[in-house]
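Notes follow once the structure below has been shown.
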Amino acid sequence: MGFLDYYKQFEGMPEEEVNARLREQAAERKRKALSVVDPIDLSITTWPEYPHPTVVNAITYTARRGLHRYLDRSAGELRSELAHRHGLPEERVVVGDGAAQLLSSAAYALMDQPLDELVTPWPSYGLYPVMAHRPRAHAVPVPGYGADAVLSAVNEHTRVVALCSPNDPTGEIVPAAELRRMLEALPERVVVLLDEALADFSDAQPLDAALELLDDFPRLLCFRSFSKAWGLAGLRVGYALGGPDSEPLLEQLAPELGVNELAQAGALEALRSTGHLVERRVERVRGERARLLMELRSRERVVVTPSQANFVWLEAAGIDGAELARRLDRAGVRVASGGSLGDPKRIRAAVHDGAATDRFLRALDGALA
Amino acid sequence: MPRTDPTDNGGLFVGRRPGTAPVKYRALPKRGTRRRQRVDNGASVAILALMVFVCLLFFGPIPVAWLWIASRVQYGLDSVSLAIFVGFFGMLMTLLLGLRVLRRLDLTWILVRRAAGVDQREGVMTRVFAYSAVLAAILFSGWLLLFAGLGPTLAPGQ
């Protein structure tokens, strides 16, 4: 190092140069932060967005008003709102801690003999076989879906039919006409528990098509949820609707000490002020679902069933569901492997928005390449 | 003047008091041996002395030199105006040149101080100039009172 160079190395950088370097470093950090893409979770069927602030405000207001006392154990206001919405008497509506709790309570109340059986198409919602075990009854999963599959398994021990429409995970529905045919064919002792937690997403028939059967078939109970299209899974609120003379049974389904007051407040506010948002959300899902199904059908290796839910149920030739789910997970797209849902060859992928659909399709193409 | 505006600092708000930031080097300097650092320390003292000397020139020798040159101009060209112009213009230019030299010396002093192992962030030119002015004023007062004398003013006719 030369004499002058030795001293020149002690020259500090001018402020402009320091600031330019800081800007470069900040830009580099920003670029790196933006290049990180968070994984997208399409493995669950709940709504991915936060609840509307109005709902959160209503819950907060209720919490501040005082949680030190029981206010409305029978959820009268919420039941009244639901009854008005569906055009039924308030006595034929019961509110519970989610549709799952009501379904489980219904199975417990209805199956009181050890030989009683609960028939359900399979694959379907994993809770149905479990809720048969609680009253020491038997679950009878029937391969396939629809009225014929169910009727083929009904015998003298059948007490309950649990039917998910749209079905989780296949996305199929039982049209009202087919449901009517099944109800007419079923023996008098059999009660049909129709789980319509995902019914909002269906565009195959009017939302309340099945409810119109309630007056004709008192052995039909319909279950709805605020956990899916309404995006309030954390509140754990669901409700059941019954036909004439179903009031005593519906009373047995309600939680003994009523539904959480905060949950009631949130569900009530959602019904009163966010209905239009849910409609827009549902329309968006229907549009994206149609596009996704069309895209999937255009791929040779993919087999997908028609879906009326907020997800698609598909399999890819030459690769099982677990491996496909693993490959998609490596691409940052999380889906539910079919192994735990009743068909190891398939996967279940939720439908969110256009960006999620595009990303899922890109990941799927990569996984199948 | 150091700035703390985030738009001037890569979007980062500099919470530090202006002017107190550590020196940032392009590459970490390689310091010399302890012997060399001692030599650099001595060199920095010499540069400081040189700066004091240059500053002192501003308060005596340079004005006197240009007064002498102006008198030579007046004598040679028989023009008072031209002599005054030359004297003032020359003195001004010399002072500006001196300040430039002083600034160069100051920057060199900073580098040599850093090479000597001191975390030298600011120069010393302003302080040297101020102290030199005080020193020049003291020297001038001493000269005036002790050597030139105030006699003609205080005791006219002597």
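Protein chains in written order, with the working numbering: chain A, 792 to 1160; chain B, 16 to 173. Ideal placement from N, C-alpha and C gives every residue a C-beta, glycine not left out.
Among the residues facing chain A, B:A130 is included, as its CB has a counterpart in that chain under 8 Å away. For A:D888, same chain residues with a beta-carbon under 8 Å away, outside a window of 5 residues either side, are R1027, V1028, G1029, P1046, V1050, N1051, A1054 in chain order. In this structure A:V884 is not in contact with A:L893, their Cβ atoms being roughly 11 Å apart against a cut-off of 8 Å. Distances from the CA of B:L150 to each of B:R87, B:M140, B:L111, B:L71 were compared; the closest alpha carbon is that of B:L71. In this structure A:V1093 touches A:A1107 by the C-beta definition: roughly 5 Å separates them, less than 8 Å.
Taking C-beta atoms as the reference points, A:T845 and A:T1065 count as a pair closer than 8 Å.
Beta bridge pairing from DSSP links A:D832 with A:R1125. In summary, B:L154 is exposed, with fewer than 16 beta-carbon neighbours lying within 10 Å of its beta-carbon over all protein chains present.
Interface with chain A (8 Å Cβ-Cβ cutoff): B:L120 is excluded.
Looking at the backbone, the Cα of B:A130 and that of A:K823 are separated by about 38 Å. Ranked by Cα distance from A:V828, the options A:Q996, A:R860, A:L1048, A:G1123 are led by A:G1123. Minimum Cα-Cα distance from A:V951 among the listed residues A:H924, A:T961, A:P957, A:D959 corresponds to A:H924. The alpha-carbon separation between A:R1082 and A:R1125 amounts to approximately 20 Å.
Residue pairing of A:D1156 in beta bridges, as defined by DSSP: absent, with no partner found. The Cβ atoms of A:P914 and A:F1102 lie no closer than 8 Å to each other.
B:L161 counts as exposed, since fewer than 16 other beta carbons sit within 10 angstroms of its beta carbon. At a cut-off of 8 Å between beta-carbon atoms, A:Y841 makes no contact with chain B. The beta carbon of A:R1137 sits closer than 7 Å to those of W1104, L1105, E1106, G1112, G1129, all from its chain and outside the five residues before and after it, given in chain order. Within its own chain, the residues whose Cβ lies closer than 6 Å to the Cβ of A:P905, once the five positions on either side in sequence are excluded, are R927, listed in chain order. Annotation for A:G1022: W838, E840, P842 place their beta carbon closer than 7 Å to its own, counting only its chain and skipping 5 residues before and after. B:L126 has a beta carbon lying within less than 8 Å of a beta carbon in chain A.
The beta carbon of A:G793 sits no closer than 8 Å to any beta carbon of chain B.
Rounded to whole angstroms, the separation of the alpha carbons of B:A61 and B:W83 is 30 Å.
Taken in chain order, the unbroken stretches of alpha helix (DSSP H) that lie wholly in the stretch 840-909 of chain A and span 4 residues or more are 844-856, 867-877, 889-901. Within the stretch 819-849 of chain A, contact with chain B at the beta-carbon level (separation under 7 Å) is assigned to no residue. Within its own chain, the residues whose Cβ lies closer than 8 Å to the Cβ of B:V116, once the five positions on either side in sequence are excluded, are V69, listed in chain order. Our two residues, A:M973 and A:A1160, have alpha carbons roughly 44 Å apart in a direct line.
Residue A:R980 holds the alpha-carbon nearest to the alpha-carbon of A:E947 among A:R980, A:K799, A:L833. By the Cβ criterion, the stretch 865-872 of chain A is not in contact with the stretch 997-1014 of chain A, since fewer than three pairs of Cβ atoms, one from each stretch, lie closer than 8 Å. Residue state for B:L112 is assigned as helix, using DSSP reduced to three classes. The beta carbon of A:L1152 sits closer than 6 Å to those of E1086, all from its chain and outside the five residues before and after it, given in chain order. Annotation: the continuous alpha helix (DSSP H) that includes B:S86 extends over 76-92. Scanning chain A for C-beta atoms nearer than 7 Å to the C-beta of B:A85 yields nothing, as the closest lies near 40 Å away. Pairing A:F1017 with A:L909, the inter-Cα distance amounts to about 25 Å. Between A:V931 and A:L942, the alpha-carbon positions lie close to 12 Å from each other. Separation of B:L111 and B:V101 (C-alpha to C-alpha, rounded to the nearest whole angstrom) is 15 Å.
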